[in-house]
Amino acid sequence: MNKPVIIICATDLGKAVFEIFKSNDVIVYGFLDDDKKLHDQQIEDTTVLGSIDDEEFLNIIGEDCDVFIASDDNAWKANVIKKVRKDQKTMPVNAIHDSAKIANSAVLHHGTFINQGVVIGSYSDIGNHCILHSGSIIDYVVKIGDFVQVGSGSIINSGARIGHGAFIGSGVTVVSGITIGEGARIGAGSVVIADVKQNETLFGNPAKSIK
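Counting the sequence shown from 1 gives a position; the numbering used here is that position plus 138.
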């Protein structure tokens, strides 16, 4: 990554992304955020420049700057990504902590946050715009869809399949070969030993459906 980056959203997640880019010697041009109270405020030495629809700054994304969208609101983030792709003809970059361990054969797509201590095993495939929190382990040949969030300390064992938009809470264990459907939610500390249906919510050890 040779370009400076603009971070959309000066949230706590945005601050974590900021630290990752700085640790990787990537220049952060500034933040954009719709909270006007934050405008012109400094995060360390970097300014919240304006709102996310400020054309002055949006227009430099693509040719002059990269972008990262630091939000865990998937519907909102998808709309911002759609605009960036249409108007700026670009995709958000990844933010990868320098302590993460990623196999050479693993595939990373676009716009994913990979925090400290994350492990991604061989031949795993991580979709677009995911959030992998500190210490999460993605074992080998795992397939993770777009907009998936994996909580701190969770373990996704080999051969598992995680559908688009699924949420895996902190400290979850997903056993090998399990499929978790699109939009499913797994509560913190759960142990998933059977396939999970689309949009289903599970909690417990072993994880059971919550009606």
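The C-beta atom is built at its ideal place from N, Cα and C for all residues, glycine as well.
In this text, all values refer to a predicted model and were calculated from it rather than measured experimentally.
**OP:** Tell me, to the nearest whole angstrom, how far the beta carbon of L176 is from that of A154; I am working on the premise that it is less than 8 Å.
**Re:** In the sequence shown, counting from the first residue as 1, residue 176 sits at position 38. In the sequence shown, counting from the first residue as 1, residue 154 sits at position 16. L176 to A154, Cβ: 16 Å. No contact.
Subject >> Own chain, CB closer than 7 Å to I181, minus 5 neighbours either side, in chain order >> reply: Mapped onto the sequence shown, residue 181 falls at position 43. So the qualifying residues of the chain are A148, K153, F156, F169.
Original post:
With distances taken between CB atoms, is the gap from V143 to D204 smaller than 7 Å?
Top reply: Locating residue 143 in the sequence shown gives position 5, where the first residue counts as 1. Locating residue 204 in the sequence shown gives position 66, where the first residue counts as 1. Yes, the pair counts as a contact, with Cβ atoms nearer than the cut-off.
**OP:** Keeping to the same chain, check which residues put their C-beta closer than 7 Å to that of I145; ignore five residues upstream and five downstream.
**Re:** By one-based count along the sequence shown, residue 145 stands at place 7. G152, V155, F156, V166, F169, F206, A208, listed in sequence order.
Original post:
If you scan the stretch 187-245 from start to end, which runs of the alpha helix (DSSP H) of 4 or more residues do you find wholly inside it?
Top reply: 193-196, 212-221
**OP:** Check G319 in the structure and name its three-state DSSP category.
**Re:** The count along the sequence shown starts at 1 and reaches residue 319 at position 181. In the structure shown, G319 sits in coil (DSSP, three-state: anything other than H, G, I, E or B).
Original post:
In terms of residue numbering, what span does the beta strand (DSSP E) encompassing F169 cover?
Top reply: Here the question's residue 169 lines up with position 31 in the sequence shown. Its beta strand (DSSP E) spans residues 166-170.
Subject >> Helix, strand or coil at V330 according to DSSP, with G and I counted as helix >> reply: One-based indexing of the sequence shown puts residue 330 at position 192. Residue state, collapsed to three classes: strand.
**OP:** Closer than 8 Å by C-beta to V231: which residues in its own chain qualify, once you throw out the five before and the five after it? Chain order, please.
**Re:** Residue 231 sits at position 93 when you count from the first residue of the sequence shown. M139, V143, D204, V205, F206, H248, G249.
Subject >> Alpha-carbon to alpha-carbon, D192 and V186 >> reply: Taking the sequence shown and counting its residues from 1, one reaches residue 186 at position 48. Taking the sequence shown and counting its residues from 1, one reaches residue 192 at position 54. Going from the Cα of V186 to the Cα of D192 covers about 12 Å.
Original post:
If we count the other Cβ atoms within 10 Å of its Cβ and call it buried at 16 or more, is A298 buried or exposed?
Top reply: Residue mapping note: residue 298 aligns to position 160 of the sequence shown, counting from 1. Burial call: buried.
Original post:
In its own chain, which residues sit with a C-beta less than 6 Å from the C-beta of I293, not counting the 5 before and 5 after it?
Top reply: For the purposes of this step, residue 293 is identified with residue 155 of the sequence shown, where counting begins at 1. Excluding positions up to five away in sequence, the list reads I275, T311.
Subject >> Between the CA atoms of S260 and A216 - distance to the nearest angstrom >> reply: Along the sequence shown, one-based indexing puts residue 216 at 78. Along the sequence shown, one-based indexing puts residue 260 at 122. Rounded to the nearest angstrom, the two C-alpha atoms are 28 Å apart.
Subject >> Close beta carbons around N253, own chain, < 6 Å, minus the five adjacent residues each side >> reply: Here residue 253 corresponds to residue number 115 of the sequence shown, with the count starting at 1. Within the same chain, N253 has close Cβ partners H235, H271, S272.
Subject >> V330 to A241 span [Cα, whole Å] >> reply: Here the question's residue 330 lines up with position 192 in the sequence shown. Here the question's residue 241 lines up with position 103 in the sequence shown. If I take the Cα positions, the gap works out to 25 Å.
Subject >> Neighbour-count burial assignment, I190, 16 or more Cβ in a 10 Å radius >> reply: What you label residue 190 is simply residue 52 of the sequence shown in a count that begins at 1. Answer is buried; the Cβ neighbour count reaches 16.
Original post:
Roughly how many angstroms lie between the CA atoms of Y303 and D163, to the nearest whole one?
Top reply: In the sequence shown, residue 303 corresponds to position 165, counting from 1. In the sequence shown, residue 163 corresponds to position 25, counting from 1. The question names Tyr, but residue 303 is Gly in the sequence shown. About 31 Å.
Subject >> Candidates M229, D277, A213, V222, of which the one nearest K239 by Cα >> reply: As a first step, residue 239 must be located in the sequence shown, where it is residue number 101. Out of M229, D277, A213, V222, D277 has the C-alpha closest to the C-alpha of K239.
Original post:
Roughly how many angstroms lie between the CA atoms of S290 and S328, to the nearest whole one?
Top reply: Here residue 290 refers to the residue found at position 152 of the sequence shown. Here residue 328 refers to the residue found at position 190 of the sequence shown. Computed Cα separation, rounded: 13 Å.
Original post:
Thinking C-alpha only, which one of S308, G188, T184, I198 is nearest K174?
Top reply: Within the sequence shown, the letter at position 36 stands for residue 174. Nearest of S308, G188, T184, I198 to K174, Cα basis: G188.
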